[in-house]
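Data first, discussion second: the structure below is written as structure tokens.
2 protein chains.
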Amino acid sequence: MAIDGLMDDLAFLGERVTRARPVLEHHGQSESHIHSRLPDAVAFPLTTEEVARIAAACTAHGVAMTGWGAGTSLEGHALTPRGGLTVDFSRMDKVLDVRADDMFAIVQPGILRERLNEELRATGLFFPVDPGANASLGGMAMTRASGTTAVRYGTMRDNVLGVTAVLADGTIIHTGSRAPKSSAGYDLTGLFVGSEGTLGLVTELTLRLHGQPEAVSAATCGFPGMEAAVNCVIATIQTGIPVARIEFLDEASVQACNAFSGQNLPVVPQLLLEFHGSPAGVAEQVDRFNEIAQGFGALDFIGAKAAEDRSRLWKMRHQAYPAILASRPGATAVVTDVCVPISALAQAVSETQADIAASPIPGPILGHVGDGNFHAILLIHPGDEAELAAAKALSARMAERALRLGGTVTGEHGIGMGKLAFMEQEHGAAWSVMAAIKAALDPKGLMNPGKLVRQ
Amino acid sequence: MAIDGLMDDLAFLGERVTRARPVLEHHGQSESHIHSRLPDAVAFPLTTEEVARIAAACTAHGVAMTGWGAGTSLEGHALTPRGGLTVDFSRMDKVLDVRADDMFAIVQPGILRERLNEELRATGLFFPVDPGANASLGGMAMTRASGTTAVRYGTMRDNVLGVTAVLADGTIIHTGSRAPKSSAGYDLTGLFVGSEGTLGLVTELTLRLHGQPEAVSAATCGFPGMEAAVNCVIATIQTGIPVARIEFLDEASVQACNAFSGQNLPVVPQLLLEFHGSPAGVAEQVDRFNEIAQGFGALDFIGAKAAEDRSRLWKMRHQAYPAILASRPGATAVVTDVCVPISALAQAVSETQADIAASPIPGPILGHVGDGNFHAILLIHPGDEAELAAAKALSARMAERALRLGGTVTGEHGIGMGKLAFMEQEHGAAWSVMAAIKAALDPKGLMNPGKLVRQ
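This is how it looks when you write it as structure tokens:
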């Protein structure tokens with residue numbers, strides 16, 4: 000079998016390549032409702048050169064390669080529907096260089112988001128992209144992750160300046176430069192960010208860093224209804240207030256978060272906000288936001304200036320997923336993600352709420368509304384096929400609704416295996432262009448097969 | 000001949016396709032020192048569908064296709080070294096839609112930058128990317144243009160949300176969505192932006208718009224030396240002051256601008272600045288910049304708050320190129336462009352100044368220093384082969400210096416024909432990946448051949 004030959008060629012990894020059943024099973028699971036066969040083996044490389052040898056060996060034996068970061072993907076990106084080798088980057092987790100003067104860092108893909116920012120703390124800089132989960136930077140780049148701070152600092156597209164990638168045949172390439180911008184040829188960095196491991200295995204990332212804000216202020220702001228909250232977001236963005244975070248929780252989400260985190264936010268649609276800037280700038284932003292919020296009938300604006308209050312607020316937001324899971328005892332979730340033009344956001348959320356209300360399952364809604372991006376956490380009992388079918392149908396209608404309103408079927412979770420069915424509808428002939436690019440870089444179709452492109 | 004067959008197939012364009020010599024000659028010229036053969040014919044389409052028919056016909060006859068915007072490229076992007084058909088977009092110059100709520104506009108590629116902003120004025124929004132020349136938006140997208148405001152608002156990479164493109168075989172694709180972000184597949188928008196017409200002909204662009212700033216203030220600030228000015232820029236950026244523009248002029252550039260525009264800026268290295276924000280925010284930015292500038296020995300800070308003073312200042316900056324040309328009577332110029340990590344900027348400028356000083360020709364330096372991007376305008380007498388050789392050698396050494404310092408051979412002018420020779424040095428194996436992508440989308444090599452990729 001191909002895998003036996005591959006294992007011989009990977010002997011140089013010693014104990015860092017394995018076919019042990021528990022390891023395969025760990026890498027055959029995901030945060031999604033998607034199931035797939037297990038990988039045939041798992042490798043734990045330490046260097047770019049090792050990854051290049053692994054890729055060349057996989058190509059020689061015709062074995063598929065799938066990268067693994069922290070296992071937090073929600074669309075089955077790191078699963079192995081065709082088996083093959085999982086390349087686990089958890090031991091490539093170093094910060095290789097920090098250039099504070101030029102405001103970038105070079106990291107290995109396995110480093111986790113929270114640890115990166117711990118390592119950066121003393122430099123006065125930080126990496127802002129925050130998808131909630133303590134994901135790996137490699138995984139975040141591959142799904143083009145974003146999250147709570149994208150409204151101010153952008154997504155991974157905006158914050159990855161270059162990558163080192165290993166192509167299927169073991170060729171090592173470097174994209175981007177260390178200059179702040181370039182017009183020298185195709186934007187290969189941008190092509191790799193969001194490519195879900197289908198073009199190559201990324202082994203290093205150059206990340207744009209930002210100055211830690213001098214002053215930070217957070218707040219919650221309740222509204223009499225979802226439309227008022229969302230319209231307040233639209234006005235805030237259009238006015239150009241550079242909010243660092245502006246998150247929406249519907250009533251069901253607020254209830255779940257209160258119960259889980261011991262908070263007592265009023266159970267109405269809430270915005271959670273953060274403002275970054277100079278002390279005077281932050282104060283001005285807060286005033287301006289407040290003025291807009293009053294115009295939309297805001298019920299209360301509760302500031303959280305002290306670091307510990309802010310930390311409690313964002314801990315609550317980051318725990319929204321387990322909190323919502325806990326709101327239906329024994330439940331698991333189908334987590335969906337769509338993104339629409341901001342002018343269509345109230346309509347998209349309202350139609351989705353009505354659709355969920357008419358379904359047999361609960362589905363709290365929350366999201367990064369400054370970007371037009373929201374999620375429904377569709378709660379189902381494990382093993383209940385009718386509920387799973389209902390959740391999938393709701394999720395599909397959300398995706399179709401987003402497309403009808405000019406949006407996209409995923410703002411930040413990616414396609415993986417979960418949303419392949421919508422790619423043709425969203426992209427038309429451009430999906431075939433993606434397949435052509437994939438075939439040009441990976442002619443044997445060995446890089447994370449079964450994801451993103453038609454194969 | 001292939002071109003005769005093509006002309007038959009393009010008869011549907013009526014008088015909007017021509018082989019008239021003056022038209023061919025107009026499209027065989029450029030702002031660069033690069034010469035090439037003339038196109039065989041020029042077409043003036045009006046719609047995406049016409050461009051699709053043109054492309055299909057060119058492919059059927061094996062004729063090359065090269066887009067033409069406003070003819071302002073500095074690296075020969077729109078020249079036709081292999082002849083073929085030039086597709087002139089000057090009649091596709093409409094704003095098709097403005098969605099003020101969602102802060103985007105859909106435009107045809109032939110619209111010129113200044114007219115776009117005139118059409119947007121009443122909406123309270125503007126398109127910020129400003130390369131100086133009154134370029135076409137299509138051309139700006141294809142070279143990944145940036146300019147004076149990129150330090151605040153980003154480059155074309157950041158401000159094009161989607162394109163409609165016609166591939167070589169006439170297939171029409173749409174990239175991007177109208178949502179503010181997406182994780183749905185490869186970033187084809189980013190791939191097309193900066194592709195220099197080598198992957199397809201872009202026929203529509205969705206552009207990100209920004210709110211017109213409530214308050215604007217501009218200033219000039221002179222320094223005792225280049226290093227002081229550049230180090231002040233570095234500190235300003237690192238401090239996180241969101242300057243909207245921060246431009247550098249060396250003494251020779253100041254002298255030329257004074258003479259051409261009737262100004263009397265002190266003949267020392269100057270920074271030209273603009274600040275955008277709320278009235279209080281702008282005042283704070285000015286104060287903070289001033290504090291930093293004092294620390295670097297700034298000689299004078301001359302504010303330009305009134306609209307007419309600002310307009311005079313930026314008119315002078317925009318006329319720097321003709322001003323510098325006029326500083327050596329009868330001269331033409333080799334205009335170069337490099338970009339380096341901002342920490343290497345003082346060294347890059349200083350070594351370049353010394354290199355130019357040791358050469359037989361003058362070469363004022365100016366640039367968008369907030370991005371690490373600067374230009375030398377190398378002044379030569381037309382027909383003087385020795386001077387042209389000296390200018391080319393200086394330009395080549397600038398490119399190599401930029402690479403040595405971790406930068407890129409072009410920050411904003413692009414590769415075109417002028418910088419092909421540096422692509423392998425900058426990108427290594429990644430240049431072959433670009434060629435593979437090109438071949439996947441344009442297997443017959445008919446889209447703007449002789450530019451950007453190895454062919």
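Respectively, the protein sequence lines represent chains A and B.
For the first sequence, the positions run 0 to 454 when numbering that gives the first Met the number 0 is used.
For the second sequence, the positions run 0 to 454 when numbering that gives the first Met the number 0 is used.
Ideal Cβ positions, reconstructed from N, Cα and C, are used throughout, including at glycine.
Keep in mind that this is a model prediction, so the values were computed, not measured.
With a threshold of 8 Å between beta-carbons, can A/ASP249 be considered close to chain B, or not?
Not one chain B Cβ lies under 8 Å of A/ASP249.
Which parts of the segment 322-376 of chain B are runs of the beta strand (DSSP E), unbroken and 3 residues or longer, counting only runs that do not cross its ends?
As far as the segment 322-376 of chain B is concerned, its whole beta strand (DSSP E) runs of at least 3 residues are 331-338 and 364-367.
Could you tell me whether any Cβ in chain B is nearer than 8 Å to the Cβ of A/ASN263?
By this cut-off, A/ASN263 is not an interface position.
Relative to the C-alpha of A/LEU387, which candidate in A/SER358, A/VAL368, A/GLY369 and A/GLY413 has its C-alpha closest?
Among A/SER358, A/VAL368, A/GLY369 and A/GLY413, the Cα nearest to that of A/LEU387 belongs to A/SER358.
Using a cut-off of 8 Å between C-beta atoms, extract the partners of A/ALA356 located in chain B.
Correct list: empty, because the minimum Cβ distance to chain B is about 24 Å.
What runs of the beta strand (DSSP E), each 3 residues or longer, lie entirely inside the segment 166-197 of chain A?
Unbroken beta strand (DSSP E) runs of no fewer than 3 residues, entirely contained in the segment 166-197 of chain A, are found at 171-173, following chain order.
With distances taken Cα to Cα, identify the nearest neighbour of B/LYS450 among B/ALA10, B/MET141, B/MET91 and B/GLY61.
B/MET141
Go ahead and pull the three-state DSSP assignment for B/GLY302.
In the structure shown, B/GLY302 sits in a strand (DSSP, three-state: E or B).
At a Cβ threshold of 8 Å, is A/TYR185 touching chain B?
yes
Tell me, please, whether the CB atom of A/ASP190 is closer than 8 Å to any CB atom in chain B?
For the record, residue 190 of chain A in the displayed sequence is Leu; it is not Asp. Answer yes: the Cβ-Cβ gap between A/LEU190 and chain B drops below 8 Å somewhere.
Using a Cβ cut-off of 8 Å (strictly closer), state whether B/CYS338 contacts chain A.
yes
How big is the Cα-Cα spacing for B/PRO80 and B/SER35?
C-alpha separation (whole angstroms): 5 Å.
State yes or no: is the beta carbon of A/LEU200 nearer than 8 Å to at least one beta carbon in chain B?
Taking Cβ atoms only, chain B never reaches closer than 8 Å to A/LEU200, which makes this a no.
List, from N- to C-terminal side, the alpha helix (DSSP H) runs of 4 residues or more that fit wholly inside the segment 237-311 of chain B.
250-260 and 278-294
Can you tell me which of the three DSSP states A/HIS76 falls into?
coil
Are the C-beta atoms of B/ALA134 and some chain A residue less than 8 Å apart?
no
Just grab the DSSP bridge partners of A/ARG36 for me.
BP columns for A/ARG36 are empty, so no partner.
Proximity winner among A/PRO363, A/ASN372, A/GLU290 and A/HIS367, relative to A/LEU466 (alpha-carbon distances)
The displayed coordinates of chain A run from 0 to 454. Any statement about residue 466 of chain A would go beyond what the structure contains.
Below 6 Å CB to CB, which residues in the same chain sit around B/ASP129 once its five sequence neighbours on both sides are set aside?
GLY146, THR147 and THR148
Could you tell me whether the Cβ of A/HIS76 comes closer than 8 Å to any Cβ of chain B?
A/HIS76 is outside the set of residues whose beta carbon lies under 8 Å from a beta carbon in chain B.
Within 10 angstroms of its Cβ, does A/MET6 collect 16 or more other Cβ (buried), or is it exposed?
buried
Proximity test, Cβ basis, 8 Å: A/ILE436 and chain B:
yes
Is it right to say A/PHE103 is buried, meaning 16 or more other beta carbons lie within 10 angstroms of its own, or is it exposed?
buried
Examine chain B for any beta-carbon lying closer than 8 Å to the beta-carbon of A/VAL242, and answer yes or no.
Chain B contact via Cβ: absent.
Under a three-way DSSP split, which group does B/SER431 fall into?
helix
Anything in chain B within Cβ reach of A/GLY371, meaning under 7 Å, just list it in chain order.
Those within 7 Å of A/GLY371 in chain B are ALA178 and PRO179.
Between B/ALA149 and chain A, is any beta-carbon pair separated by less than 8 Å?
yes
For B/ALA132, name the three-state secondary structure that DSSP assigns.
In the structure shown, the three-state DSSP call for B/ALA132 is coil.
So which residues on chain A does B/ALA428 lean against when the C-beta distance must stay under 9 Å?
LEU166, THR170, ILE171, ILE172 and HIS173
What did DSSP end up calling B/PHE126 once you bin it into helix, strand or coil?
B/PHE126 sits in coil when the DSSP states are folded into three classes, being neither helix nor strand.
Which residue wins for smallest C-alpha separation from A/VAL229, given the options A/PRO268, A/PRO179 and A/GLU14?
A/PRO268
Let's see if you can read the secondary structure: which residues bound the alpha helix (DSSP H) around B/ALA51?
First-last of the alpha helix (DSSP H) with B/ALA51: 47-60.
Based on the DSSP output, what are the partners of B/GLU203 in its beta bridges?
The partner list for B/GLU203 (beta bridge, DSSP) reads B/THR163.
So, does the segment 256-268 of chain A touch the segment 202-210 of chain A, judging by three or more C-beta pairs under 8 Å?
The count of Cβ pairs closer than 8 Å, one atom from the segment 256-268 of chain A and one from the segment 202-210 of chain A, stays below three, leaving the stretches out of contact.
Locate the alpha helix (DSSP H) running through B/GLY66, then write down its first and last residues.
Per DSSP, B/GLY66 belongs to no alpha helix (DSSP H); it is in the beta strand (DSSP E), 64-67.
Output, in chain order, the set of chain A residues within a Cβ distance shorter than 9 Å of B/LEU365.
Residues of chain A passing the Cβ test: none, with the nearest at roughly 17 Å.
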